[in-house]
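Numbering (UniProt numbering), first residue to last: 1 to 398.
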């Protein structure tokens, strides 16, 4: 105890104790505590010599312990000390060069709001790249379960895709919108959709773009006609794209009146509407792409096999009837068999015979197949062969 109290104090370590794991064994030699024995005291290593072996002396001022970090690329630094909130979450104040606004990496992307569960991005790419990727390969990135980011390199095709706005791919629909920093990335329910409406019985007085807009306004919001140029009046039929409310009743006729009180009735047909789900009754997808299909899987009723019907009559009767209807000769052979049986003949039967075996559980039948001997033809059997004897006179003459 006296010898330990007389030992010189250790030099302070240049590395904090909680960061010793960042250094190798050679660096720890300077911070190791010597073990002394009462018989032979071990001298302490010189701290200055150890540091001179590990780190060569330099003419600069001695550096702090942070300079001892062995980082291949020292590209980080401590910005500020965190401040703990009431719930214990550390908060760090960012420099003035950083603002927490939306990043501009999605500047040229389009937001695709899928009205249902979309397929995998690879399937979306396979469906849309032949249309949008004619001037550059598109890219599809999944953001959430019903939202994807689509990049179209060509600005011309990107504007055309936004003008159309509403697209179909397979059995699901989606709406395109340009990316903006304040865009709401939440699922969208399909309530209004642009659809083609076929109008018939249009009079020549309404055969103009103003007349088409008047007619389409009775159904919904007019968008554009099928052709950019007005064709000559032919049969009074025009196809117009109109944004309609999918959950309202679609009128089959539109009545147009003028300032003089004259009216005309125009027929409206809706050839194709967005797909409608039979499970949730929403538009934009079918049951296969319904988000509620996972919570409510399709119930398939179990198939119950009907038990075999019990044999209530002798099957030999049914077999004889069916066999006689297919082969009329069987009936003749059966009559011949009965005739031979009456005469005591030992001929074998020509049709399969059933022998009933008595068992304890179920009545069973064993089918025995026997060959039928060839019978002589009735025409040859009816003929009698007569042999006339030769006389002596006839023999001498020969």
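Yeah, the Cβ is synthetic: ideal placement off N, Cα and C, and Gly gets one too.
Just how far apart, CA to CA, sit residue i and residue j?
i, j, result
"residue 277", "residue 80", "55 Å"
"residue 193", "residue 83", "51 Å"
"residue 190", "residue 246", "8 Å"
"residue 230", "residue 214", "15 Å"
"residue 165", "residue 225", "16 Å"
"residue 285", "residue 169", "10 Å"
"residue 182", "residue 104", "12 Å"
"residue 267", "residue 289", "34 Å"
"residue 120", "residue 156", "26 Å"
"residue 216", "residue 209", "10 Å"
"residue 125", "residue 218", "38 Å"
"residue 108", "residue 283", "29 Å"
"residue 132", "residue 174", "15 Å"
"residue 464", "residue 265", "Beyond the ends of the chain as shown, which are 1 and 398, falls residue 464; an answer cannot be given."
"residue 260", "residue 201", "20 Å"
"residue 118", "residue 273", "19 Å"
"residue 99", "residue 271", "51 Å"
"residue 184", "residue 205", "45 Å"
"residue 95", "residue 76", "14 Å"
"residue 397", "residue 389", "15 Å"
Which one of the options has the shortest CA to CA distance from residue i?
i, options, result
"residue 253", "281, 220, 110 and 290", "220"
"residue 235", "245, 199 and 171", "199"
"residue 258", "271, 203 and 76", "203"
"residue 144", "212, 135 and 116", "116"
"residue 135", "282, 154 and 126", "154"
"residue 275", "268, 287, 269 and 242", "287"
"residue 280", "273, 293 and 272", "293"
"residue 457", "211, 146, 209 and 397", "Because the chain is modelled from 1 through 398, residue 457 falls outside the range shown and cannot be assessed."
"residue 93", "78, 106 and 107", "78"
"residue 228", "217, 243 and 212", "212"
"residue 207", "389, 232 and 184", "232"
"residue 141", "106, 132 and 167", "106"
"residue 123", "261, 89, 172 and 95", "172"
"residue 167", "291, 395 and 127", "127"
At what residues does the beta strand (DSSP E) containing residue i begin and finish?
i, result
"residue 222", "221-225"
"residue 178", "172-178"
"residue 239", "238-245"
"residue 196", "192-200"
"residue 114", "109-114"
"residue 264", "263-269"
Under three-state DSSP, which class holds residue i?
i, result
"residue 164", "helix"
"residue 34", "Bear in mind that the predicted position of residue 34 carries a pLDDT of just 47, short of 50, making it too unreliable to give a figure here."
"residue 145", "coil"
"residue 169", "strand"
"residue 134", "coil"
"residue 76", "coil"
"residue 257", "strand"
"residue 153", "coil"
"residue 206", "helix"
"residue 139", "strand"
"residue 90", "strand"
"residue 288", "helix"
"residue 276", "strand"
"residue 128", "helix"
Please return the same chain residues whose Cβ sits closer than 6 Å to the Cβ of residue i, not counting the five positions on each side in sequence.
i, result
"residue 188", "113"
"residue 263", "255 and 257"
"residue 269", "198"
"residue 393", "none"
"residue 222", "213, 216 and 242"
"residue 237", "200"
"residue 395", "none"
Near residue i, which residues of its chain fall below 8 Å by C-beta distance, leaving aside the five closest residues on each side in sequence?
i, result
"residue 85", "91"
"residue 110", "149, 150, 151, 152, 158, 161, 162, 176, 177, 178 and 179"
"residue 129", "137 and 138"
"residue 239", "196, 197, 198, 199, 225 and 226"
"residue 251", "218, 219 and 268"
Can you find a C-beta in chain D that's less than 8 Å from the C-beta of residue i?
i, result
"residue 142", "Here there is only one protein chain, and chain D is not present."
In terms of residues, what are the limits of the alpha helix (DSSP H) holding residue i?
i, result
"residue 210", "209-217"
"residue 396", "392-397"
Whose C-beta lies closer than 7 Å to the C-beta of residue i among residues of the same chain, with five residues either side of it excluded?
i, result
"residue 97", "none"
"residue 88", "none"
"residue 291", "116 and 117"
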